[in-house]
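Remarks on the structure that follows.
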Amino acid sequence: MNINFEYHEVAASPRLEAFVAEKLNKLENKYDSIVGADVYFKKENTSNPEIGKICSVRLSMPGPTIFAETSTASFEASVAKVITELRSQLQKRKEKLKAH
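Per UniProt numbering, the sequence shown starts with residue 1, numbered consecutively.
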């Protein structure tokens with residue numbers, strides 16, 4: 001799987017990229033139709049300290065692309081939430097395909 005990382009107002013982090021790649025590879029092992037992923041990290045200026053670090057992931061696969069975005073206090077927590085959302089969307093798609 002090809003993974004592209006983009007950073008907006010955030011310094012690039014090899015540790016964060018390795019963390020995301022590990023999580024996405026686990027998803028790819030379970031759902032083999034994933035071709036690629038675009039991962040975006042953004043920092044948002046907010047008065048609320050509980051949010052502001054945004055992680056967005058777009059999965060490329062046959063059919064419509066799958067997208068999830070989450071904002072939390074840390075990028076690691078945002079990645080974990082996004083992966084959970086993607087997993088549920090992929091599971092729904094897999095169940096739809098089995099029904100046909």
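We put the CB at the ideal spot given by N, CA and C, even for glycine. These figures come from a predicted structure and were not determined experimentally.
- Nearest to Arg-58 (by Cα), restricted to the options Phe-67, Glu-50, Gly-52, Ile-51: Your numbering for residue 58 matches position 58 in the sequence shown. The shortest Cα separation from Arg-58 among Phe-67, Glu-50, Gly-52, Ile-51 belongs to Phe-67.
- Should Thr-70 be labelled buried (16 or more other beta-carbon atoms within 10 Å of its own) or exposed? Against the sequence shown, residue 70 aligns to sequence position 70. Thr-70 should be labelled buried.
- Message: If the criterion is Cβ atoms closer than 8 angstroms, does the pair Val-82 and Phe-41 meet it?
- Response: Position 82 of the sequence shown holds residue 82. Position 41 of the sequence shown holds residue 41. No; because the gap between Cβ atoms is not below 8 angstroms, this pair is not in contact.
- Task: Run the CB neighbour count on Ser-47, radius 10 Å, all protein chains shown included, and call it buried at 16 or more, exposed below.
- Result: On the sequence shown, residue 47 is found 47 positions in, with the first residue counted as 1. Result: exposed.
- For Ser-78, the nearest candidate out of Ser-56, Phe-5, Met-1 (CA to CA): Working through the sequence shown from its first residue, we reach residue 78 at position 78. If we check each option's Cα against that of Ser-78, Ser-56 comes out closest.
- CA-to-CA distance, Phe-75 to Lys-43, given in whole angstroms: As a working note, residue 43 is residue 43 in the sequence shown. As a working note, residue 75 is residue 75 in the sequence shown. Going by the C-alpha atoms only, they are around 9 angstroms apart.
- In the DSSP assignment, what are the bridge partners of Ile-66? In the sequence shown, residue 66 corresponds to position 66, counting from 1. Partner(s): Leu-59.
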